[in-house]
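K.L.:
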């Protein structure tokens with residue numbers, strides 16, 4: 025077995041300890057992944073049963089990489105270690121323990137665009153309208169533990185309790201679950217069953233990215249570890265998921281509630297150039313709540329290159345950055361697969377991806393759910409959503425969520441009032457909504473004031489009849505017509521199916537897997553374009569951060585109380601810190617001085633004085649916080665001429 029000798033010391037020391045509770049605080053690029061690998065490998069070498077080791081990672085990609093790398097190091101049984109996300113493990117527990125079956129819950133997970141219909145049905149001034157419902161939904165997903173000091177459990181606020189009841193009633197009626205409902209449900213199961221075998225299944229629990237877990241996640245992991253060994257790894261300075269009620273304090277205060285915690289700190293950055301390390305330290309020092317251990321550059325690291333550029337417009341920005349990337353790739357200075365382009369909004373990412381493709385550089389966008397984008401209240405802007413709902417109902421005629429969506433598309437209120445009448449009538453009679461609609465249309469039921477829903481349902485029934493029995497290409501062409509821009513993403517997924525005789529269920533599952541379980545591959549031969557959040561855990565020789573303007577980076581809701589704005593600002597600073605520390609060599613920070621007003625509105629950016637169509641922008645305040653070693657901002661055209669000749 026061969027090891028990186030520079031990492032052998034700290035990684036071996038962490039792996040060799042027999043402490044029952046271990047906290048590893050590891051800055052970006054300090055060898056955290058290697059330490060995790062060494063931890064698991066050492067346990068296997070000592071003869072620990074692989075099935076008694078649980079490793080929780082934040083993403084499926086991280087889990088896959090960890091298993092592969094441990095296997096490469098020659099550890100027997102690596103493929104039998106329980107490695108995966110906490111959600112995936114919880115779903116396995118709920119299925120194996122029959123919790124869902126016994127409580128009559130259906131593991132039909134709502135997709136993001138379907139949640140919009142649920143919120144429309146639940147919204148009420150009592151809950152704070154749409155925005156209030158969204159916030160309560162996130163608190164529900166964290167088992168109502170909004171603060172690190174809160175104990176996950178049931179809501180105590182009367183309005184929260186009312187929302188909780190109505191939410192559960194909606195989910196039960198529609199025979200569906202929220203993805204983030206899975207952890208609280210598992211936690212409740214374990215707390216209620218002290219004899220549950222899952223409480224003693226593992227002797228070793230290793231947790232990655234602990235700072236990005238919410239309180240319910242953390243308490244659940246304590247339950248899973250039980251009397252066994254618990255090792256957590258993370259970095260307070262890289263906590264970027266407060267919208268899930270994750271808190272940097274989760275790892276910062278870990279030792280206060282767990283007597284006997286042994287601490288290890290990894291501070292030597294082996295990834296980033298020396299210049300970037302210095303800039304990153306300067307940036308994060310502005311946060312009042314931070315891990316106060318500075319990154320230390322490795323002695324042999326490159327000095328690095330940093331370029332800060334400004335363009336007249338986002339259109340110029342996309343073209344200029346694409347031309348620079350082509351020059352780098354063409355000259356074989358950096359392989360396309362070693363280039364990351366990060367933007368705060370998908371529109372900026374799409375523009376750069378398009379420009380790269382136009383000049384012959386292969387690029388792929390990893391912005392979430394792009395084929396499902398759209399406004400469900402505008403029938404012309406939700407064709408992808410509607411087509412997938414139709415396919416889902418074709419695959420399962422009892423899928424109530426898809427029926428709900430199909431009965432609401434194109435209506436300003438998504439027919440929420442009419443659907444509520446239908447739901448109430450079904451609850452009173454114990455009838456399914458499909459049966460109730462058919463009986464109403466046939467005159468066997470006198471349910472009134474749902475004409476809009478009935479009209480939509482009759483249209484859907486006609487479409488389903490035309491699709492019955494269709495397979496393969498014929499099915500794809502009818503649901504996702506060739507030549508339609510909105511359908512191209514779906515068609516690409518269908519093209520990858522090996523058996524051309526697939527039915528509606530096969531096609532639906534393939535699209536669902538591609539959409540909800542996307543991999544962020546680390547070994548590629550194309551430029552990866554994604555959000556700043558998605559870059560977590562990735563490394564590249566060249567990192568480009570576009571859209572570095574105020575109100576995008578950082579994006580802070582100015583309507584919130586001052587303290588909440590400050591909290592958001594600190595997290596946005598951590599997000600920028602994560603982004604710039606992805607690079608091993610070159611970092612480009614790009615901004616524009618103007619933006620089209622319509623585009624700014626779509627991206628929730630604010631622009632200042634200008635003319636009727638364009639307004640002025642200013643560079644992100646974070647650029648000023650990068651310290652004295654950060655280069656001055658230069659004009660994009662001058663920089664481009666210098667770089668590509």
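Numbering (my numbering), first residue to last: 25 to 669.
Idealized CB from N, CA, C, for every residue including glycine.
Between 644, 635 and 636, which has its C-alpha nearest residue 629's C-alpha?
P.N.:
The shortest C-alpha separation from residue 629 is found at 644.
K.L.:
Counting only runs that start and end within the segment 334-395, where is the beta strand (DSSP E) found for 3 or more residues in a row?
P.N.:
Fully enclosed beta strand (DSSP E) runs of 3 or longer: 363-367 and 387-389.
K.L.:
Does the pairing of the segment 566-586 with the segment 361-370 give three or more beta-carbon distances under 8 Å?
P.N.:
Touching, per the Cβ criterion.
K.L.:
Distance, Cα to Cα, residue 172 vs residue 205?
P.N.:
Confidence at residue 172 is low in this model, with a pLDDT of 49, below 50, so the placement of that residue should be treated as unreliable; the coordinate-derived value is given next. The straight-line gap from Cα to Cα measures roughly 19 Å.
K.L.:
Verify whether the separation of the beta carbon atoms of residue 617 and residue 640 is less than 8 Å.
P.N.:
It is a contact, given that the beta carbons lie within the stated cut-off.
K.L.:
Here's the rule: buried if 16 or more other CB atoms are within 10 angstroms of the residue's CB, otherwise exposed. What is residue 539?
P.N.:
Buried: at least 16 other Cβ atoms inside 10 Å.
K.L.:
Would you identify the three-state DSSP class for residue 240, choosing helix, strand or coil?
P.N.:
Residue 240: helix per DSSP, three-state reduction.
K.L.:
Looking only at its own chain, which residues have a Cβ that is under 8 Å from the Cβ of residue 158, when we skip the five neighbours before and after it?
P.N.:
If we look at residue 158 and ignore the five residues flanking it on each side, its Cβ neighbours are 143.
K.L.:
Per DSSP, residue 310 is paired with what?
P.N.:
Answer is none; residue 310 lacks a bridge partner.
K.L.:
Whose CA, out of 308, 667, 69 and 134, lies closest to the CA of residue 99?
P.N.:
Ranking the options by Cα distance to residue 99, first place goes to 69.
K.L.:
For residue 520, name the three-state secondary structure that DSSP assigns.
P.N.:
In the structure shown, residue 520 sits in coil (DSSP, three-state: anything other than H, G, I, E or B).
K.L.:
In the DSSP assignment, find the unbroken alpha helix (DSSP H) run with residue 288 in it and report its ends.
P.N.:
Not the alpha helix (DSSP H): residue 288 falls in the beta strand (DSSP E), residues 286-290.
K.L.:
My output table needs one value for residue 611: the three-state DSSP class, helix, strand or coil.
P.N.:
Of the three classes helix, strand and coil, the one that applies to residue 611 here is strand, per DSSP.
K.L.:
Are the Cβ atoms of residue 500 and residue 515 separated by less than 8 Å?
P.N.:
Cβ distance < 8 Å, so residue 500 and residue 515 count as in contact.
K.L.:
Under a three-way DSSP split, which group does residue 172 fall into?
P.N.:
Note that residue 172 scores 49 on pLDDT, short of 50, meaning its location in the model is unreliable; the coordinates nonetheless yield the value given after this. Here residue 172 sits in coil by DSSP.
K.L.:
Which residues in the same chain have their Cβ closer than 8 Å to the Cβ of residue 246, if we skip the five residues on either side of it in sequence?
P.N.:
For residue 246, where only same-chain residues beyond five positions count, the Cβ hits under 8 Å are 254.
K.L.:
If you draw a straight line from the C-alpha of residue 349 to the C-alpha of residue 377, how long is it?
P.N.:
Rounded to the nearest angstrom, the two C-alpha atoms are 11 Å apart.
K.L.:
Taking buried to mean at least 16 other C-beta atoms within 10 Å of its own C-beta, is residue 178 buried or exposed?
P.N.:
It is exposed - the Cβ of residue 178 has fewer than 16 other Cβ atoms within 10 Å.
K.L.:
Given a threshold of 16 other Cβ atoms within 10 Å of its Cβ, counted over all protein chains shown, does residue 585 qualify as buried or as exposed?
P.N.:
Residue 585 should be labelled exposed.
K.L.:
Considering only DSSP beta bridges, list what residue 258 is partnered with.
P.N.:
Answer by DSSP bridge pairing, in chain order: 49.
K.L.:
How many angstroms separate the CA atom of residue 336 from the CA atom of residue 237?
P.N.:
Distance between the alpha carbons of residue 336 and residue 237 is about 40 Å.
K.L.:
According to DSSP, is residue 320 helix, strand or coil?
P.N.:
If DSSP states are grouped into helix, strand and coil, residue 320 belongs with the strands.
K.L.:
Does the beta-carbon of residue 687 have 16 or more other beta-carbons within 10 angstroms, so that it is buried, or is it exposed?
P.N.:
There is simply no residue 687 to check, as the chain begins at 25 and stops at 669 in what is shown.
K.L.:
Cβ atoms of residue 325 and residue 368: under 8 Å apart, would you say?
P.N.:
No, Cβ-Cβ distance for residue 368 and residue 325 is not below 8 Å.
K.L.:
Reducing DSSP to helix, strand and coil, say where residue 428 ends up.
P.N.:
The answer is helix: DSSP assigns residue 428 an H, G or I state.
K.L.:
Once the 5 residues before and after residue 450 are set aside, which same chain residues still bring their CB inside 8 Å of it?
P.N.:
The answer, listed in chain order, is 197, 456, 457 and 460.
K.L.:
Take the Cβ of residue 261 as the centre, count every other Cβ of all protein chains shown within 10 Å, and call the residue buried at 16 or more, exposed below.
P.N.:
Result: buried.
K.L.:
Closest by CA to residue 108, which one among 124, 118 and 80?
P.N.:
Nearest of 124, 118 and 80 to residue 108, Cα basis: 80.
K.L.:
For residue 573, name the three-state secondary structure that DSSP assigns.
P.N.:
Strand at residue 573.
K.L.:
Does the segment 100-119 come close enough to the segment 272-291 to have 3 or more Cβ pairs within less than 8 Å?
P.N.:
The segment 100-119, when compared against the segment 272-291, does not touch it at the 8 Å Cβ threshold.
K.L.:
Which residue's Cα is closest to the Cα of residue 608: 370, 432, 294 and 511?
P.N.:
Ranking 370, 432, 294 and 511 by Cα distance to residue 608 puts 294 first.
K.L.:
When burial is assigned at 16 or more other CB atoms within 10 Å of the CB, is residue 38 buried or exposed?
P.N.:
The residue is buried, with at least 16 neighbouring Cβ atoms inside 10 Å.
K.L.:
What three-state label does DSSP hand residue 263 in the structure shown?
P.N.:
Reduced to three states, the DSSP call for residue 263 is coil.
K.L.:
Is residue 290 closer than 8 Å to residue 602 when the C-beta atoms are compared?
P.N.:
Going by C-beta atoms, residue 602 is not nearer than 8 Å to residue 290.
K.L.:
Assuming residue 564 contacts residue 598 (C-beta within less than 8 Å), just tell me the rounded distance between them.
P.N.:
That belief does not hold up - the Cβ atoms of residue 564 and residue 598 are roughly 19 Å apart, past 8 Å.
K.L.:
How close, in whole Å, do the beta carbons of residue 553 and residue 390 come, if the pair is a contact with beta carbons under 8 Å?
P.N.:
Contact flag correct, Cβ pair sits at about 7 Å.
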